[in-house]
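Step one of this worksheet: look at the structure below.
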């Protein structure tokens with residue numbers, strides 16, 4: 205399992221010590237409104253951690269907890285996982301942050317690092333991202349990352365805006381072409 209770092213964050217694969225912080229994040233109805241539409245219980249968060257640990261073991265990718273370097277607080281989560289949780293699909297990038305950390309560029313900072321890992325370490329040919337069609341803030345992070353709008357598709361039991369980026373796009377955007 206891989207730990208990633210940015211200027212302000214340490215990305216750690218989910219494990220049991222993240223339960224309290226992840227549950228605080230995932231029980232916030234505003235954070236979850238575009239994801240599941242409802243807060244998550246502590247038991248559900250615990251079950252998610254177990255599934256994520258299994259995916260790391262099986263697939264070598266899944267969800268990270270975002271630990272803020274200055275405070276050591278869990279301030280968000282992000283993933284590189286198979287779209288729709290199906291290994292036949294391309295890799296997907298995603299994120300969520302605590303409300304008190306919105307608007308600080310942390311999602312973009314983490315997304316750049318996760319995308320770099322997906323393309324450079326995992327050798328992904330394509331990276332996609334999906335968000336609820338009304339989640340304009342997340343769509344802006346996708347655009348800042350250099351992803352192109354692909355259209356509206358049905359994923360995770362909802363209509364989503366889908367963005368994508370190829371490895372070549374990433375190389376050009378990150379100055380490696």
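Numbering (the working numbering), first residue to last: 205 to 381. For every residue, glycine included, the Cβ atom is placed at its ideal position computed from N, Cα and C. The model shown is predicted, which means the values in this text are computed figures rather than measured ones.
Looking at the DSSP output, residue 330 sits in a beta bridge with 370. Residue 377 sits away from residue 329, with the two beta carbons spaced by 8 Å or more. Under the DSSP assignment, residue 303 falls outside any alpha helix (DSSP H); it carries neither an H nor an E label.
Under the 10 Å beta carbon count, residue 357 is surrounded by fewer than 16 other beta carbons and is classified as exposed.
Residue 220 carries a helical assignment under DSSP once its states are collapsed to helix, strand and coil.
In chain order, 356, 363, 364 and 365 place their CB closer than 7 Å to the CB of residue 337, counting only its own chain and leaving out the 5 sequence neighbours on each side. When C-beta atoms of the stretch 283 to 296 are compared with those of the stretch 258 to 271, three or more pairs fall below 8 Å, so the two segments count as touching.
A Cβ-Cβ distance of about 6 Å is found for the pair residue 269 and residue 281, placing them in contact under the 8 Å criterion.
Comparing C-alpha distances from residue 332 to each of 313, 303, 359 and 301 shows the shortest one belongs to 359.
Here residue 220 is actually not in contact with residue 271; their C-beta atoms are around 15 Å apart, not less than 8 Å.
Here residue 215 is near residue 314, since their CB atoms are less than 8 Å apart. As the crow flies, the alpha-carbon of residue 379 is around 13 Å from that of residue 316. Within the DSSP secondary-structure output, residue 362 pairs in a beta bridge with 359. In terms of Cβ geometry, residue 206 and residue 321 form a close pair [threshold 8 Å]. Cβ-Cβ distances below 6 Å link residue 334 to 359, 364 and 366 in the same chain, with the five nearest sequence neighbours on each side left out; the list follows chain order.
The Cβ atoms of residue 235 and residue 302 lie closer than 8 Å to each other.
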